[in-house]
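Asks:
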Amino acid sequence: MNIEGLLSASIRYGTPLLFATVGEIITERAGVLNLGLEGLMLMGAFTGFVTAYSTGNLWLAFFLSMVVGALFALIHAFMSITLKVNQVVSGLALTMLGSGLSGILGRAYVGRPAVMFQPVAIPGLASIPIIGPAFFNQDPLVYIGYVLTFFLAWFIFKTKAGLTLRAVGEEPAAADARGINVFLVRYIATLVGGGLTAAGGAYLSLAATSMWMENMTAGRGWIAIALVIFAAWDPIKAMLGSYLFGFIMSLQFRLQATGEVHVSANLLLMLPYLVTLISMVLFSLNENFRKRIGAPSALGVPYSREEKT
Amino acid sequence: MSSTLLEVKGIVKRFPGVLALDGVNFDLKEGEVHTLLGENGAGKTTLMNIIFGLYKPDEGEILFRGKKVHIRSPYHALQLGIGMVQQHFTLVPSFTVAENVSLGTKDPPNKVAAEVKRISKEFGLEVDPYAKIWQLSVGEKQRVEIIKLLYAGAKVVILDEPTAVLTPQETEALFKAIRKMTAQGTGVIFISHKLNEVMEISDRVTVLRKGKVIGTLKRGEFDQNKLAQMMVGREVVMKIEREKAKPGDLVIRVDNVYAKSDKGHLALDGISFEIRAGEILGIAGVAGNGQRELAEVITGLRKVESGKIEFAGKDITNSSVMDRILAGIAYIPQDRKGVALSPNLSVAENLFLRRKERKIWFNKASIYEHARRYIEEYKIKTPSPATAVKYLSGGNMQKVVIAREFSLEPKLIIAVHPTRGLDVASMEFVYRSLIKARDEGVAVLLLAGELYEIFNLSDRVGVIYEGKIVGYTTPDPSPENVEKIGLMMAGVAV
Numbered sequence: 000m001n002i003e004g005l006l007s008a009s010i011r012y013g014t015p016l017l018f019a020t021v022g023e024i025i026t027e028r029a030g031v032l033n034l035g036l037e038g039l040m041l042m043g044a045f046t047g048f049v050t051a052y053s054t055g056n057l058w059l060a061f062f063l064s065m066v067v068g069a070l071f072a073l074i075h076a077f078m079s080i081t082l083k084v085n086q087v088v089s090g091l092a093l094t095m096l097g098s099g100l101s102g103i104l105g106r107a108y109v110g111r112p113a114v115m116f117q118p119v120a121i122p123g124l125a126s127i128p129i130i131g132p133a134f135f136n137q138d139p140l141v142y143i144g145y146v147l148t149f150f151l152a153w154f155i156f157k158t159k160a161g162l163t164l165r166a167v168g169e170e171p172a173a174a175d176a177r178g179i180n181v182f183l184v185r186y187i188a189t190l191v192g193g194g195l196t197a198a199g200g201a202y203l204s205l206a207a208t209s210m211w212m213e214n215m216t217a218g219r220g221w222i223a224i225a226l227v228i229f230a231a232w233d234p235i236k237a238m239l240g241s242y243l244f245g246f247i248m249s250l251q252f253r254l255q256a257t258g259e260v261h262v263s264a265n266l267l268l269m270l271p272y273l274v275t276l277i278s279m280v281l282f283s284l285n286e287n288f289r290k291r292i293g294a295p296s297a298l299g300v301p302y303s304r305e306e307k308t
Numbered sequence: 000m001s002s003t004l005l006e007v008k009g010i011v012k013r014f015p016g017v018l019a020l021d022g023v024n025f026d027l028k029e030g031e032v033h034t035l036l037g038e039n040g041a042g043k044t045t046l047m048n049i050i051f052g053l054y055k056p057d058e059g060e061i062l063f064r065g066k067k068v069h070i071r072s073p074y075h076a077l078q079l080g081i082g083m084v085q086q087h088f089t090l091v092p093s094f095t096v097a098e099n100v101s102l103g104t105k106d107p108p109n110k111v112a113a114e115v116k117r118i119s120k121e122f123g124l125e126v127d128p129y130a131k132i133w134q135l136s137v138g139e140k141q142r143v144e145i146i147k148l149l150y151a152g153a154k155v156v157i158l159d160e161p162t163a164v165l166t167p168q169e170t171e172a173l174f175k176a177i178r179k180m181t182a183q184g185t186g187v188i189f190i191s192h193k194l195n196e197v198m199e200i201s202d203r204v205t206v207l208r209k210g211k212v213i214g215t216l217k218r219g220e221f222d223q224n225k226l227a228q229m230m231v232g233r234e235v236v237m238k239i240e241r242e243k244a245k246p247g248d249l250v251i252r253v254d255n256v257y258a259k260s261d262k263g264h265l266a267l268d269g270i271s272f273e274i275r276a277g278e279i280l281g282i283a284g285v286a287g288n289g290q291r292e293l294a295e296v297i298t299g300l301r302k303v304e305s306g307k308i309e310f311a312g313k314d315i316t317n318s319s320v321m322d323r324i325l326a327g328i329a330y331i332p333q334d335r336k337g338v339a340l341s342p343n344l345s346v347a348e349n350l351f352l353r354r355k356e357r358k359i360w361f362n363k364a365s366i367y368e369h370a371r372r373y374i375e376e377y378k379i380k381t382p383s384p385a386t387a388v389k390y391l392s393g394g395n396m397q398k399v400v401i402a403r404e405f406s407l408e409p410k411l412i413i414a415v416h417p418t419r420g421l422d423v424a425s426m427e428f429v430y431r432s433l434i435k436a437r438d439e440g441v442a443v444l445l446l447a448g449e450l451y452e453i454f455n456l457s458d459r460v461g462v463i464y465e466g467k468i469v470g471y472t473t474p475d476p477s478p479e480n481v482e483k484i485g486l487m488m489a490g491v492a493v
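Sequence order for the protein chains is A and B. Be aware that the first sequence starts at 0, since it is given in numbering that gives the first Met the number 0, and climbs by one per residue. Be aware that the second sequence starts at 0, since it is given in numbering that gives the first Met the number 0, and climbs by one per residue.
Structure representation (structure tokens):
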């Protein structure tokens, strides 16, 4: 088997997961649980494709998909932050809305080819054996993923604004008492998270393929939700997790394609979910660990000043 | 004459169906400790929430340094220079002390750390600026809250029942810090029901009752009896008369029991004691030293790692909760609304919850009949037996718990902080109920943080520290004995 090809594919499979996972990390760090990732990714993939198909402008397509993702996330923000409805229900509704809407609107576009992002080799780095072609001969969105991850890690853990974000997700009452606008921070985090998640979806129709298919995300939104926990709300770990899952996914396709290994495809498809389940069990075994890494303890809990005492 | 920092005039606050504050006047001068004293529901917290910007008053005005202000939010209050340490701390557990202090300010945490060090040294509020909040003790967290206010430059510091969670030694340290703050001109509003502390720290005391100011007294004008009387409107017999205990047969023997806390560390570290029929063993200790776990181990709610519990001559170490109830173990938990009662169920249903007879069908009329009997006997103030328990006052909720538990005709009663949050009249009721049970030959295990409660009720006093009984003493409220207990509570061997 071709190791370079396998690694390279792992990165490409991992990138949509990476965008969605870091997006959800931002949202959850502010204490908002958004289970609508699958719907957001589909809307992103759809918007991206339609824009690319009709204008041929890939960057405009990528940008618009983020805008649409943010607008969709606004629905969730309004429901869960302002109306304080159950965030699980609101998130699930978003998933159904996204898959339904993209399915209906996208029917006319199924099977039509459009333009797609092409790999750009980074001079020097791309010529490193094995690693070079895998990591540095990719499309521009993969590189954006690298930069974004390190930027977000720095933002969350090293800046004042990141401190504010984490405070809002952990002890909104404490943040409120210090004059931080909890609602505003949560709105921004949910919108930014939604935009990034939709960008992950757009990767599927703009870089991984150049076409639109109904439900083309195929459960990646759910994997991203699990990855957030797996990554312990840390963008760097999210990157490792996303590429690991990308590796598992590409390995599974290759094993199927080669026919060398006689394992049921269903079993292989199960692998990412199994890893998720195990990581969640390991994670919840140690409550002290959760506290130490700062798992957002107000996650999924609407903030209300009156109910505080 | 020092100048007035804060003045509230004619404050009226109505909640649906309740007049919470009825024309309250209150003022705070520079460099003084002004205590706000009152029973639960007297309006203390409502008044503070208005000053702190959480509620808007319906009538009346607030003057800060002589200027009229409308306080919109806690943050606005803090910007003016009014800060409050609430009973529930508002700290982010995974952040360091410095990060918590820097929250909402423009200053980066490392710059804040140096300032935190300076403040903590100056006021004797010792705390490491780089420690994470979750690593700190309750007393330390409280210090962080105070440092936060001082860092923000608060000139008015409101402390809402700050000593409820402290050891006597920590309380002393807090009082020293308060004195240093007032020496610099900061005004402190101190909220407490502990009269001895109020006596010690206050320059002035304002007593609130049912939303009205009963009076404001200067140091030298007040004494404990007078304050207690103003607070409840009548002379309270806080010294409960009781006869000497006549201990009978051994009821419970806890032998070298080990148990883990929810977080998995050792909460009971080889604890042993015995209680006989007709005596009250009071266990004093700072909250979080294994009291809750001890109660849960005896009631069967928590697993014993090793050791033995004998009840009425039988080994019950591994018995089910139901078997223990049937054997005669009654439980008055600390958490009234969660563990003791089901808040949304009616008074009648709550009273029925732990009855001994087990039937598949029950007759609604008989439940109400049963409930009416107890409502009358225990003088539970409720509109009807069908009223949800959550609408009752704390004192009446506790009466429901006591009525239900006593109806089991127990041999052992475990009472954990049985009067926490209750007003004086309800407190007295709880005390009398427990002593009556003792006189009828019930063994009582009392777990309480308040020493006066221990002294008022106990026949013997044990002190718990880190999951062990570190020593026994008599229920003698002399200063020497209090000091001895205080030292044991703080883990200092005597």
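The beta-carbon is built from N, C-alpha and C at its ideal position, and this holds for glycine as well.
Quick check on DSSP: helix, strand or coil for residue 255 of chain B?
Replies: Three-state DSSP puts residue 255 of chain B in a strand.
Asks: Taking the alpha-carbon positions, what's the residue 250 of chain A to residue 330 of chain B distance?
Replies: Spanning the two alpha carbons is a distance of roughly 59 Å.
Asks: If distances are taken between C-alpha atoms only, which option among B/332, B/27 and B/402 comes closest to residue 370 of chain B?
Replies: Among B/332, B/27 and B/402, the Cα nearest to that of residue 370 of chain B belongs to B/402.
Asks: Go through its chain and collect everything with a Cβ distance to residue 9 of chain B's Cβ below 8 Å, but skip five positions before and after it.
Replies: Once the five neighbours on either side are set aside, the close Cβ partners of residue 9 of chain B are 22, 23, 24, 58, 59 and 60.
Asks: Determine the direct distance from the alpha carbon of residue 28 of chain B to that of residue 0 of chain B, and round the result to whole angstroms.
Replies: Low local confidence applies: a pLDDT of 46 at residue 0 of chain B is under 50, so the model's placement there is unreliable, with the coordinate-based value given in what follows. One C-alpha to the other measures close to 9 Å.
Asks: To the nearest angstrom, how far is the alpha carbon of residue 182 of chain B from that of residue 148 of chain B?
Replies: Answer to the nearest angstrom: the Cα atoms are 16 Å apart.
Asks: Which of the residues in the segment 88 to 108 of chain B, read from start to end, lie with their CB under 9 Å from any CB of chain A?
Replies: Under the 9 Å Cβ criterion, the segment 88 to 108 of chain B contributes 88, 89, 90, 91, 92, 93, 94, 98, 99, 101, 102, 103, 104, 105, 106, 107 and 108.
Asks: Check whether the segment 90 to 108 of chain A and the segment 37 to 47 of chain A are in contact - that is, three or more C-beta pairs closer than 8 Å.
Replies: At 8 Å Cβ cutoff, the stretches touch.
Asks: Excluding the five sequence neighbours on either side, which residues of its own chain have a C-beta within less than 6 Å of the C-beta of residue 398 of chain B, listed in chain order?
Replies: Once the five neighbours on either side are set aside, the close Cβ partners of residue 398 of chain B are 377 and 379.
Asks: Please confirm if residue 163 of chain A has its CB atom under 9 Å from at least one CB of chain B.
Replies: Output row for residue 163 of chain A: interface = yes.
Asks: Quick test of the definition: if touching needs 3 or more C-beta pairs under 8 Å, does the segment 157 to 177 of chain A touch the segment 194 to 201 of chain A?
Replies: No, the segment 157 to 177 of chain A does not touch the segment 194 to 201 of chain A.
Asks: Flag this pair as yes or no: are the beta carbons of residue 447 of chain B and residue 473 of chain B separated by less than 9 Å?
Replies: For residue 447 of chain B and residue 473 of chain B, no; Cβs fall outside 9 Å.
Asks: Sort B/186, B/191, B/154 and B/150 by Cα distance to residue 165 of chain B and report the nearest one.
Replies: With distances taken between Cα atoms, residue 165 of chain B lies closest to B/191.
Asks: Would you mind sorting residue 320 of chain A into buried or exposed? The rule is 16 or more other CB atoms within 10 Å of its CB.
Replies: Nothing can be reported for residue 320 of chain A, as the shown portion of chain A is limited to 0 through 308.
Asks: Based on Cα-Cα distance, which residue from A/74, A/2, A/28 and A/24 lies nearest to residue 168 of chain A?
Replies: Selected option, being the one with the closest Cα: A/28.
Asks: For a test of the three-state rule: what should DSSP assign to residue 75 of chain A, helix, strand or coil?
Replies: If DSSP states are grouped into helix, strand and coil, residue 75 of chain A belongs with the helices.
Asks: Sorted by chain position, which residues of the same chain lie with C-beta nearer than 7 Å to residue 2 of chain A's C-beta, five sequence neighbours on each side aside?
Replies: For residue 2 of chain A, where only same-chain residues beyond five positions count, the Cβ hits under 7 Å are 129.
Asks: Using C-beta distances below 6 Å, list every residue in its chain close to residue 75 of chain B, excluding the 5 sequence neighbours before and after it, in chain order.
Replies: Cβ neighbours of residue 75 of chain B beyond the five flanking positions: 52.
Asks: Just checking my contact of residue 84 of chain B with residue 177 of chain B at CB under 8 Å: how many whole Å lie between their CB atoms?
Replies: Actually they are not in contact, since the Cβ atoms of residue 84 of chain B and residue 177 of chain B sit about 11 Å apart, beyond 8 Å.
Asks: Could you spell out where the alpha helix (DSSP H) holding residue 41 of chain A opens and where it closes?
Replies: Residues 36 to 54.
Asks: Just the chain A side, please: which residues come within less than 9 Å of residue 74 of chain B by C-beta, in chain order?
Replies: Within 9 Å Cβ-Cβ: 175, 176, 177, 178 and 179.
Asks: Using 8 Å as the threshold, is the segment 460 to 467 of chain B in touch with the segment 278 to 296 of chain B, meaning 3 or more CB pairs across them?
Replies: Touching, yes.
Asks: Mind checking which residues open and close the beta strand (DSSP E) that includes residue 205 of chain B?
Replies: Unbroken beta strand (DSSP E) run through residue 205 of chain B: 203 to 208.
Asks: Assuming the contact rule is C-beta atoms closer than 8 Å, residue 465 of chain B and residue 288 of chain B should be a hit. Round their C-beta distance to whole Å, please.
Replies: Their Cβ separation, rounded to whole angstroms, is 6 Å, which keeps residue 465 of chain B and residue 288 of chain B in contact under 8 Å.
Asks: Examine the Cβ distances between the segment 65 to 79 of chain B and the segment 154 to 171 of chain A and report whether three or more of them are shorter than 8 Å.
Replies: No: the two stretches stay apart, fewer than three of their Cβ pairs being nearer than 8 Å.
Asks: Is residue 412 of chain B closer than 9 Å to residue 442 of chain B when the C-beta atoms are compared?
Replies: Going by C-beta atoms, residue 442 of chain B is nearer than 9 Å to residue 412 of chain B.
Asks: Suppose you measure from the CA of residue 13 of chain A to the CA of residue 400 of chain B; what does that come to, to the nearest Å?
Replies: C-alpha separation (whole angstroms): 57 Å.
Asks: Are there three or more Cβ pairs, one per stretch, closer than 8 Å when the segment 426 to 444 of chain B is compared with the segment 255 to 271 of chain B?
Replies: Flag = no, the segment 426 to 444 of chain B and the segment 255 to 271 of chain B do not touch.
Asks: Using 9 Å as the limit for Cβ to Cβ distance, is residue 78 of chain B near chain A?
Replies: Yes, residue 78 of chain B counts as interfacial toward chain A.
Asks: Taking only runs that begin and end inside the segment 279 to 344 of chain B, name each unbroken beta strand (DSSP E) of 3 or more residues, in chain order.
Replies: Whole beta strand (DSSP E) segments, 3+ residues: 279 to 283, 305 to 310 and 328 to 331.
Asks: Given residue 18 of chain B, which residues of its chain have a CB within under 7 Å of its CB, disregarding the five upstream and five downstream residues?
Replies: Answer for residue 18 of chain B: 210, listed in chain order.
Asks: Given this structure, state the Cα-to-Cα distance separating residue 406 of chain B from residue 393 of chain B, to the nearest angstrom.
Replies: Looking at the two C-alpha atoms, the distance is approximately 20 Å.
Asks: How would you write the range of the beta strand (DSSP E) that residue 414 of chain B sits in, first residue to last?
Replies: It spans 411 to 415 - the beta strand (DSSP E) in which residue 414 of chain B sits, taken as one unbroken run.
Asks: Reducing DSSP to helix, strand and coil, say where residue 12 of chain B ends up.
Replies: Strand at residue 12 of chain B.
Asks: Can you give me, in chain order, the residues of the segment 145 to 172 of chain A that have a beta carbon less than 8 Å from any beta carbon in chain B?
Replies: Per Cβ criterion, the list reads 159, 162, 163, 165, 166, 169, 170 and 172.
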